[in-house]
Amino acid sequence: MIRKLLLLLSCALLLATGDARAEVMSRAQVNRQVSILRDLGRQLFSDPTLSASGKLSCASCHDPARAFGPPNSLSVQLGGADLNQPGVRAAPSLRYIQVTPQFREHYYDSDDEADGSVDNGPTGGLTWDGRMDRGRIQARLPLLADNEMANPDAASVVRAVKRSPSLPLLKKAMGNRSLNDTDKVFDIILQALEAYEQTPAEFFPYSSKYDAFLAGNATLSAEEARGLALFDEPAKGNCAHCHLSARSPDGTPPQFTDYGFAALAVPRNPAIPANADPAYHDLGLCGPYRSDMKDHPEYCGMFKAPTLRNVALRGSFFHNGVFHTLREAVAFYADRDTNPGRWYPKAPDGSIRRYDDLPETYRENINLEPPFDRKPGDPPALTEGEVDDIVAFLQALTDGYRP
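Per the numbering used here, residue 107 is the first one in the sequence shown, and the count goes up by one each step.
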């Protein structure tokens, strides 16, 4: 199944470059062309000269040693021409994005299913709000964003690549096409980054202890096994409801996300400078960075469920990076509503400002499924020991396991 997926991805990449020959090329020719793109993308990914500062590369925020997630525990990363412009959202991991479906407002488990009762709602897309459907489109964001690599336009990126050691590979990728065609060269640069991010060994190795366990080559510890049971149990962690832990019917390893969206009402993060303005709210699906859903208040506050693979390597959690330990993130699920004072600030009158990062008008969107089905004073869905067990299981999702 994985080999078939790789061939389909390779053909799709070539067709996306506008290379009509991909329709008649042999498998060996397709693989060669994709290999050139991947080699180019690998070099570009780590090249800081592609940024206005000359110091920021894709790898600066997506560290290969951290499963292509942030290299530090900062809530948001710094970028811009002088590396002093903070972001507004936590940098996600780029691992396991290769099978992310395109965004759909209404997703059904079966395309042939007409029963509205199985509508899973908004699903898919890249980024926290799902507004980009392809890696090549998403790659434009950091290259041109003022608070990231801060290039003023595509031509600036193209000039930087032409001056870089990647020029020979760029020429190979372009073939007989002119290097003076800025739009086409920029498109090839984006395609190369997309191709690199679909390299199996680096971006979807499926090499965690849990993968070895599923293959019958490892045994979970008692703590990890208890954590898995709690992870799957609907009345306890209920994590697998959104972070699927079982193999697909065709045998594909679990991705640990259903690519759906939920409003979890994590606390407002004062470490994000944009939050100093009380009128500013990051509402995920309905804006401010995604505009096509701005007239759907029922989606405000919803963010995409990320994969939990390699989550133990992260130093910031949720879309705003408000928590900085994995245990803290799991504990938030356990008693967000039973002990809100643990998570939310106090108002001047001493009351707890629950759900302080979501305007009251949108709070009916907040997820109330287990373990969020409780109220203040109730026992939490998970004990402290059970939180530890789930954390132990999540640590078994880190790639690079060797028995």
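Every residue, glycine too, gets a C-beta built ideally from N, C-alpha and C.
This structure is a prediction, so every number in the text was calculated from the model and none was measured.
So, at 7 Å on beta carbons, what are the nonlocal neighbours of P465 in its own chain, with the 5 sequence-adjacent residues on each side left out? H387
Quick check on DSSP: helix, strand or coil for A369? strand
S262 to V291 span [Cα, whole Å]: 11 Å
Pull the bridge partners of Q191 from the DSSP assignment, please. G185
Segment contact, 8 Å Cβ cut-off, at least three pairs: the stretch 415–425 with the stretch 446–461: no
Helix, strand or coil at E219 according to DSSP, with G and I counted as helix: Annotation note: pLDDT 43 at E219 (below 50); position unreliable, no value reported.
Spatial neighbours of R332 within its chain, please: CB distance less than 7 Å, with the 5 preceding and 5 following residues excluded, ordered by chain position. D495
Just how far apart, CA to CA, sit L296 and K410? 23 Å
Length at least 4, wholly inside the stretch 282–367: the alpha helix (DSSP H) runs in chain order: Taking only runs of at least 4 residues, the alpha helix (DSSP H) segments lying wholly in the stretch 282–367 are 288–302, 306–309, 315–320 and 328–338.
8 Å Cβ cutoff met for R459 and T305: No, these two residues do not count as a Cβ contact at 8 Å.
Given a cut-off of 8 Å, decide if G231 and R237 are closer than it, judged by their beta-carbon atoms. Going by C-beta atoms, R237 is nearer than 8 Å to G231.
Please list, in chain order, all residues of the same chain as G506 whose beta carbon is under 7 Å from its beta carbon, the five residues on each side excluded. So the list reads S313, once near-sequence residues are dropped.
For L500, which of helix, strand or coil comes out of DSSP? The answer is helix: DSSP assigns L500 an H, G or I state.
Inspect the beta-carbon positions of S152 and L189 and report whether they are closer than 8 Å. The answer is no: Cβ separation not under 8 Å.
Anticipated Cβ contact below 8 Å, F362 with L350, distance rounded: 6 Å
Proximity below 8 Å, CB of E404 to CB of N445: Contact flag unset, no.
List the endpoints of the continuous alpha helix (DSSP H) containing Q135. Per DSSP, the unbroken alpha helix (DSSP H) holding Q135 starts and ends at R133 to F151.
Cβ neighbour criterion (16 or more within 10 Å) applied to A279: A279 comes out buried.
For V205, tell me which candidate among N286, A256, L326 and P359 has the shortest Cα-Cα distance. P359
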